[in-house]
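Report on one structure; see the data block that follows.
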Amino acid sequence: MSDFTLVRRQNVLALFQAHAENAMAQGASPKGLEQDFAARLQISPSMWSQIKSGRPIGNKLARQIEVLCGKPAGWLDEAHDDAPPSPDEKAFMNLALAAWRASNAAGRRALRKQLQALTSEGD
215 MSDFTLVRRQ NVLALFQAHA ENAMAQGASP KGLEQDFAAR LQISPSMWSQ
265 IKSGRPIGNK LARQIEVLCG KPAGWLDEAH DDAPPSPDEK AFMNLALAAW
315 RASNAAGRRA LRKQLQALTS EGD
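So the sequence shown is residues 215 to 337, counted in my numbering.
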């Protein structure tokens, strides 16, 4: 999966999360929120399911989603700091936390040093 595809998917998932939270805050039941969001995007529930599972979002659909969700053109194409972590990112964070907690002070220093080295490689 390309970074571009992943960014669009993460952003549309963030839009769904905001939609679901807003609906539940107004008293809506969690049941049916997926179908409701698909209707808001003017796509079938099946298409929404495919998008969540990794189906790429084309340019036409991306612009449609942005308009229907009140976002500026191109919003879906840009990474946003407030986007929720992907399932893979969550799994990594859980693994990193478990390693941190299982380590002594020397192990924690080594973990930190290793991660810092990895993040500075791209600079």
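Using N, Cα and C, we set each Cβ at its ideal position, and we do this for glycine too.
**OP:** Specify, as a first and last residue, the run of the alpha helix (DSSP H) that LYS285 falls within.
**Re:** Where LYS285 is concerned, there is no enclosing alpha helix (DSSP H), given that its DSSP letter is neither H nor E.
Original post:
To the nearest angstrom, how far is it from the Cα of LEU227 to the Cα of LEU329?
Top reply: Rounded to whole angstroms, the separation of the alpha carbons of LEU329 and LEU227 is 27 Å.
Original post:
Among GLU303, ASN308 and ARG323, which one has its Cα closest to the Cα of LEU220?
Top reply: GLU303
Subject >> Anticipated Cβ contact below 8 Å, MET261 with ALA252, distance rounded >> reply: 7 Å
Subject >> Cβ contact check for the region 240–249 and the region 287–295: 3 or more pairs under 8 Å >> reply: no
Original post:
Can you list, in chain order, the residues of its chain whose CB lies under 8 Å from that of ASN342, leaving out five sequence neighbours each side?
Top reply: What is shown of the chain runs 215 to 337, which leaves residue 342 out entirely.
Original post:
Helix or strand or just coil, what does DSSP make of ASP295?
Top reply: Here DSSP, grouped into helix, strand and coil, assigns ASP295 to coil.
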